[in-house]
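Participant:
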Amino acid sequence: MPLLVRVSLLHTLNLSETSAYNDLRSVLTVAFLRAFIAPKARGGMFTRTQNRSLPQLPVKGRLWISKYTTPQLPDPASLKLALAKAIETLNNPDVPAPVLDMPEAVPVYSEWTGYRADAKEDESLPDISEQDKYAEMMKEVKAHTTVLYFHGGGHALMDPATHRSTVKKLAKITGGRAFSVRYRLVPQNPFPSALLDCFVAYLALLYPPPGSWHEPVKPEHIVFAGDSAGGNLAMSLLQVVVELNRLGQRILWHGKECAIPIPAAVACNSPWLDLSHSSEPFYGKRPATFDYLGPPGNLGRKGLKPCAIWPASPPRKYMYAADDLMTHPLRLAYEDKFVAQKLEGEGVTVVFEEYESMPHCFALVLTGLPESRRCLDGWAGFIRQAVEDPEGLRSRSTTIHAKTLEETCLKFEDLCDVSDDVVRKRVVDTVAEIKAWIPTEEAKL
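For the sequence shown, UniProt numbering assigns the number 1 to the initial residue and increments by one for each residue that follows.
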């Protein structure tokens, strides 16, 4: 409480750096999130933190949810072999080949999500089957767009239920529908467990398993999307699909040999692309003035008590993956600007938007801001155009200014001034320097 009073007073008197850019509610929200995420605020066991992030939320309001789980694959070996092959061929040549412990392919739960225009704010879903809910949702779908959505949460927290509001908005603005995936969480299920689940979800859209109630979805109608860690999964899955196409790889899927086509696009919001945090902006000891994310050195190490799921046994440095996989290209990037610049330079159509003085995933947590509405419109607009008018898409890079929403065009060549080699070396060096968390006897008490 004293913290919020102090933040309010500084903002009201225009004594804080954020006063000129953010309203009081946004500043208080960021301050609260920053305090909550701080290591000393997370003094419990990670099991409890994870469980608290997985609430059982009722489905109410202008929202269709149809729950679907893929059946167990009768022939998972082909799928696992294809993913392992992509990971192997994409390996960073600067480091020894990692030892890959390939997880089992399991049934994947997802939520078909659509906009329910005529529902009241507190109205529950009708008491009908999930298949009938899907049919009712499809009556309101106006476009071919299908958003394959991966939620954020550091790969360790949250669930499709926590992101229903955002996913619903994407469905509403695009006029389409979304398929929001519950992937396996870390640290219990390290890489590539979540990626395998996302792969299964994509194949389920393309080639509906027996008992599905949806028709096959054309790849040109599918856009991978996600926020934060979900953006990482979206980009990683795209790399896998592109690599398997390059290799001419096909898979056996429910008894049929299938190709793995490339989707229409990938659309990420504040994607977490460098899981090693090797980039220079993360070297500071405090969160950036406008953000709530703290220094990465404490993540999964300090401020937590040992529990059944963390630290891992044997100990590893990062929650997401084994140490020798943390330099793999499926995670390699130097912030979003580096990735945008690199992709555009290689001939990929890239639409990059940065928002002045906005925190991580602001459009999801500061939903009342004009900047957030502009962000969602831009995000969904790109998704819609990638499906409906891909030939009309042109690369562009833009800064959207706080409050005024004025736009300034940027040059891709000015986004980042480091080379691929420098970025790669930073990641390798950072992973080598980080120590695994081995709790002291005091920490166990």
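Backbone N, C-alpha and C define an ideal beta-carbon position, used for all residues, glycine too.
Quick test of the definition: if touching needs 3 or more C-beta pairs under 8 Å, does the region 156-172 touch the region 192-207?
Facilitator: The region 156-172 vs the region 192-207: no contact.
Participant: Whose C-alpha, out of His401, Val339, Cys375 and Leu369, is nearest the C-alpha of Asp414?
Facilitator: Counting from 1 along the sequence shown, the entry for residue 414 is found at position 414. Ranking the options by Cα distance to Asp414, first place goes to Val339.
Participant: State the DSSP-derived secondary structure class of Phe199, mapped to helix, strand or coil.
Facilitator: As a first step, residue 199 is located in the sequence shown; it is residue number 199 there, counting from the start. If DSSP states are grouped into helix, strand and coil, Phe199 belongs with the helices.
Participant: Select from Asp94, Cys268, Lys80 and Pro315 the residue whose C-alpha is nearest the C-alpha of Pro103.
Facilitator: As a working mapping, residue 103 is identified with position 103 in the sequence shown. Of the listed residues, the one whose Cα sits closest to Pro103 is Lys80.
Participant: Within 8 Å, do at least three Cβ pairs link the region 346-355 to the region 398-405?
Facilitator: With the cut-off at 8 Å, the region 398-405 and the region 346-355 touch.
Participant: If you count every other CB in all the chains shown that lies within 10 Å of the CB of Pro314, and 16 or more means buried, which is it?
Facilitator: Translated into the one-based positions of the sequence shown, residue 314 becomes position 314. Exposed: under 16 other Cβ atoms inside 10 Å.
Participant: Could you say if the region 187-199 and the region 121-129 meet the contact criterion of at least three C-beta pairs nearer than 8 Å?
Facilitator: Cβ pair count under 8 Å is below three, so no.
Participant: Pair every Cβ in the region 155-166 with every Cβ in the region 132-146, then say whether three or more of these pairs are closer than 8 Å.
Facilitator: These segments do not touch.
Participant: How long is the line joining the alpha carbons of Arg48 and Leu185, rounded to whole angstroms?
Facilitator: As a first step, residue 48 must be located in the sequence shown, where it is residue number 48. As a first step, residue 185 must be located in the sequence shown, where it is residue number 185. Distance between the alpha carbons of Arg48 and Leu185: 14 Å.
Participant: Could you check whether the Cβ of Asn232 sits closer than 6 Å to any heavy atom belonging to the ligand PLP?
Facilitator: With respect to the ligand PLP, the structure offers nothing, as it holds no ligand at all.
Participant: For Ala380, which residues of its own chain have a beta-carbon under 6 Å away from its beta-carbon, when the five flanking residues on both sides are left out?
Facilitator: For the purposes of this step, residue 380 is taken as residue 380 along the sequence shown, with counting starting at 1. Same-chain partners within the cutoff: Leu170, Ile173 and Thr174.
Participant: In whole angstroms, what separates the C-alpha of Leu54 from that of Pro311?
Facilitator: Within the sequence shown, numbered from 1, the residue matching residue 54 stands at position 54. Within the sequence shown, numbered from 1, the residue matching residue 311 stands at position 311. Approximately 20 Å, taken between the alpha carbons.
Participant: Does the beta-carbon of Ile383 have 16 or more other beta-carbons within 10 angstroms, so that it is buried, or is it exposed?
Facilitator: The residue given as residue 383 occupies position 383 in the sequence shown. Burial call: buried.
Participant: Are Met319 and Pro192 close, meaning C-beta to C-beta below 7 Å?
Facilitator: One-based indexing of the sequence shown puts residue 319 at position 319. One-based indexing of the sequence shown puts residue 192 at position 192. No. Outside cutoff.
Participant: Counting Cβ pairs, one atom from each stretch, are 3 or more of them under 8 Å apart for the region 241-256 and the region 92-99?
Facilitator: As far as the Cβ criterion goes, the region 241-256 does not touch the region 92-99, which means the pair count is below three.
Participant: Under the DSSP definition of a beta bridge, which residues are partnered with Glu257?
Facilitator: Position 257 of the sequence shown, counted from the first residue, corresponds to residue 257. Bridge partners of Glu257: Leu252.
Participant: Taking Trp112 as part of the alpha helix (DSSP H), name the residues at either end of that continuous run.
Facilitator: Within the sequence shown, the letter at position 112 stands for residue 112. Unbroken run through Trp112 is the beta strand (DSSP E), Tyr109 to Tyr115; no alpha helix (DSSP H).
Participant: With DSSP collapsed to three states, give me the class of Tyr318.
Facilitator: Position 318 of the sequence shown, counted from the first residue, corresponds to residue 318. Tyr318: coil per DSSP, three-state reduction.
Participant: Assign Asn51 to buried or exposed, taking buried as 16 or more other Cβ atoms, counted over all protein chains shown, within 10 Å of its Cβ.
Facilitator: Residue 51 sits at position 51 when you count from the first residue of the sequence shown. Asn51 is exposed by the Cβ-count criterion.
Participant: My guess is that Thr349 and Leu393 are in contact by the Cβ rule of under 8 Å, so how many angstroms apart are they, rounded?
Facilitator: One-based indexing of the sequence shown puts residue 349 at position 349. One-based indexing of the sequence shown puts residue 393 at position 393. Indeed they touch by this definition, with Cβ atoms about 5 Å apart.
Participant: Return helix, strand or coil for Arg48, following the three-state DSSP convention.
Facilitator: The residue given as residue 48 occupies position 48 in the sequence shown. Arg48 falls in the helix class under three-state DSSP.
Participant: What are the residues that DSSP puts in a beta bridge with Arg373?
Facilitator: Here the question's residue 373 lines up with position 373 in the sequence shown. Paired residue(s): none; Arg373 is not in a bridge.
Participant: Cα-Cα, which of Thr69, Val387 and Lys142 is closest to residue 461?
Facilitator: Residue coverage of the chain in this structure runs from 1 to 445, which leaves residue 461 outside it and unanswerable.
Participant: What number of angstroms, rounded off, separates the C-alpha of Met194 from the C-alpha of Asn245?
Facilitator: Mapped onto the sequence shown, residue 194 falls at position 194. Mapped onto the sequence shown, residue 245 falls at position 245. Looking at the sequence provided, one finds Ala at residue 194 rather than Met. So the alpha carbons of these two residues sit roughly 21 Å apart.
Participant: Please list, in chain order, all residues of the same chain as Val240 whose beta carbon is under 6 Å from its beta carbon, the five residues on each side excluded.
Facilitator: For this step, residue 240 is matched to residue 240 along the sequence shown. Correct list, in chain order: Ala86.
Participant: Rounded to whole angstroms, how far is the Cβ of Pro271 from the Cβ of Val223, which I believe are closer than 8 Å?
Facilitator: For this step, residue 271 is matched to residue 271 along the sequence shown. For this step, residue 223 is matched to residue 223 along the sequence shown. With 8 Å as the limit, Pro271 and Val223 do not qualify as a contact, their Cβ atoms being about 14 Å apart.
Participant: Can you give the beta carbon distance from residue 472 to Cys375, rounded, assuming they're within the 8 Å contact cut?
Facilitator: Since the first residue of the chain shown is 1 and the last is 445, residue 472 is not available in this structure.
Participant: For Lys285, count neighbouring C-beta atoms within 10 Å of its own C-beta (all shown protein chains included) and say buried if the count is 16 or more, exposed if not.
Facilitator: As a first step, residue 285 is located in the sequence shown; it is residue number 285 there, counting from the start. Confidence is the limiting factor: at Lys285 the pLDDT is only 42, short of 50, which leaves the residue's position unreliable and the question unanswerable from this model.
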